[in-house]
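Quick notes on the structure that follows.
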Amino acid sequence: MLLSIVIFLPLLGVIAIALLRGLGASAVKGIALVIGLLTFIVSLGLYTGFDATTATFQNVTQQAWIPGLGTSYHIGIDGISLWLVLLTTFLTPVCILAAWNSIEKGLSGFMMSLLALETGMLGVFCALDLFLFFVFWESMLIPMYFLIGIWGGERRIYATVKFVLYTMAGSALMLVGILALYFQNNNSFDLTTLSGPFEHSNLLFLAFFIAFAIKVPLFPFHTWLPDAHVEAPTVGSVILAGVLLKMGTYGIIRFCLPLFPDAATEFTPLIVPLAVIGIIYGALVAMVQPDLKKLVAYSSVSHLGFVVLGLFSKNPAAIQGSVLQMINHGLSTGALFLLVGMIYERRHSRMIVDFGGLAKGMPIFATIFMVVTLSSIGLPGLNGFVGEYMILFGSFVQGAFSKTYVVIATAGVILAAVYMLWMFQRVMFGTLDKTNEALPDLNAREIVVMLPILLFIVWIGVYPKPFLSKMEKSVGLVVTQVQTESAVGRAGEQTLQGTELALHGTQRAENEKIEKEAETK
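So that you can map any letter, position 340 of the sequence shown is 327 in the working numbering, and since no number is skipped, the others follow by simple counting.
Written out as structure tokens, the structure is:
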């Protein structure tokens, strides 16, 4: 019941805003913020009541929905989805407060879209029914379409259409995969009853994986992301980088690995190089970007390449690191987009060349920007270090692929330091341009927006145990499922091969007997 309240409470805000928007902008913003904060507070009950000693799904609700189709309203969370739910409920009120003065037209529609998007994202992380998962997956597309298409930049239509086309192409493949699993699972969409091996598992794996790879995005499916980020409003970029991209990596760990372990193993030699290419390519392209927002967008391609690398290592420590890095990326990159948005509101430019020496006139902004930049490059003591270290260490010690890939990926950490620190140096130091002398430092509202994120950046970096302990059992179960299902699949193949050999042997013996009888006659 508690989980259902968390998922659908934002929709209550949508209804309230639709009914009361005539009261004015202040009322609309107040309703949205109260609902956002209330959703986050209620979601904390999921954390406090979560039993970290078990890997089973908790806060489970299952009610018949469309019995004729074998689908139900089936939701629940484990130690993996718990953190993504909390990340979503945390970032949403932060975004509402960040957009307090930046949205001038269609404020009620903007806030309604943001809250509806929150429900869609929460549903994706909690759905345990394949059809329900697909409904939530598609439902989040509509409000995101509005956020970019209505409140985006000059090329917002192009970016929106590109985003929708990529997403729908992946969704079509995933729908085919879901229907195939439905017919192989006694006409049921229940994720908890799915058990392989499945027929045509390689094709099913690809159907799901391509849909999720587009959302991550994994190289070479990434080309929609820079345009979407650049044209989206600030909070649209925060939600896109902070939560939406994690739907792709979550789908890989929830569906691709445990349901199709043999196919995952077979395609690992193809996927891991793509992840490593994405790490290096994203870093190199980010290094030459003149636009701050585009630089951060390409850094996401690089950072999430590490997440995919860790997931396909099939190593418990590396997978834990990947889940933690999903949270870290949401915090650090979300904070970077917020800071870029704050400076854009003052200067109406995101071009690095238009800045320089800002630390002199905006010391608070420069200090916060420095902490977030260092967290993004993985400085020890801040959140980014823990996840990347676990991914690289786990993949190197006991990964499912060559150590050479890990060594090459490590160069991405160095490149991240290069492009982020070079960007920071050009924006914050040097000669202060006269145009920027009058730029005001962060106000109280903006400091309040950034402080909670800074708290988690430092907390995870200094003491990550509370975060890792909640996910340990769930990650262990995924690893066990991958190993067990893979072993079952191999045993089944060996049994089938043995049966075929026995049948061939019997047939051969019968043929020889017939030939001998013919010779005797």
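Every residue, glycine too, gets a C-beta built ideally from N, C-alpha and C.
{"Item": "Does the structure place the region 314 to 330 close enough to the region 356 to 371 that three or more beta carbon pairs sit under 8 angstroms?", "Value": "yes"}
{"Item": "Expressed to the nearest angstrom, what Euclidean distance is found between the alpha-carbon atoms of Ala146 and Glu218?", "Value": "7 angstroms"}
{"Item": "On the premise that Arg334 lies in contact with Pro427, defined as a C-beta separation below 8 angstroms, what is that separation, rounded to the nearest angstrom?", "Value": "Their Cβ separation, rounded to whole angstroms, is 11 angstroms, which puts Pro427 and Arg334 out of contact at 8 angstroms."}
{"Item": "Return the first residue and the last residue of the alpha helix (DSSP H) that Ser68 is part of.", "Value": "Ser68 to Ala85"}
{"Item": "Give the single residue among Ala431, Asp278 and Ser68 whose Cα lies nearest to the Cα of Ala529.", "Value": "Outside the displayed span of the chain (-12 to 508) sits residue 529, for which this structure offers no information."}
{"Item": "Round the Cβ separation of Leu381 and Ala305 to the nearest angstrom and send it over; I've been treating them as touching at under 8 angstroms.", "Value": "Strictly speaking, residue 381 in this sequence is Gly, with Leu absent from that position. Between Ala305 and Gly381 the Cβ distance is about 3 angstroms, and since that is below 8 angstroms, they are a contact."}
{"Item": "Cα separation between Leu(-10) and Ala228?", "Value": "24 angstroms"}
{"Item": "Below 8 angstroms between beta carbons: does that hold for Leu244 and Leu298?", "Value": "yes"}
{"Item": "Identify the residues that DSSP records as bridge partners of Ser59: which are they?", "Value": "Ala51"}
{"Item": "Identify the continuous alpha helix (DSSP H) that holds Gln571 and give its terminal residues.", "Value": "Outside the modelled stretch of the chain, which goes from -12 to 508, sits residue 571, for which no answer is possible."}
{"Item": "Out of Phe120, Arg413 and Leu24, point me to the one whose CA is closest to Val275's CA.", "Value": "Arg413"}
{"Item": "Evaluate contact between the region 111 to 128 and the region 54 to 72, counting only Cβ atoms and requiring at least three cross-stretch pairs below 8 angstroms.", "Value": "yes"}
{"Item": "Are the Cβ atoms of Leu311 and Leu455 separated by less than 8 angstroms?", "Value": "yes"}
{"Item": "Going along the chain, which unbroken runs of the alpha helix (DSSP H) with 4 or more residues stay wholly within the region 170 to 208?", "Value": "188 to 202"}
{"Item": "Tell me whether Met349 sits in a helix, a strand or coil according to DSSP, three-state version.", "Value": "coil"}
{"Item": "Taking C-beta to C-beta, are Leu279 and Met108 nearer than 8 angstroms?", "Value": "no"}
{"Item": "Nearest-angstrom Cα distance between Leu74 and Thr106?", "Value": "13 angstroms"}
{"Item": "Is it buried or exposed for Ile2, if we count other Cβ within 10 angstroms and need 16 for buried?", "Value": "exposed"}
{"Item": "Is Ile4 buried or exposed, if buried means 16 or more other CB atoms sit within 10 Å of its CB?", "Value": "buried"}
{"Item": "Would you report the Cα separation of Leu366 and Leu441, rounded to the nearest angstrom?", "Value": "14 angstroms"}
{"Item": "Please return the same chain residues whose Cβ sits closer than 7 angstroms to the Cβ of Leu181, not counting the five positions on each side in sequence.", "Value": "Leu168, Asn172 and Leu246"}
{"Item": "Which first and last residues belong to the alpha helix (DSSP H) in which Phe123 is found?", "Value": "Leu117 to Ser126"}
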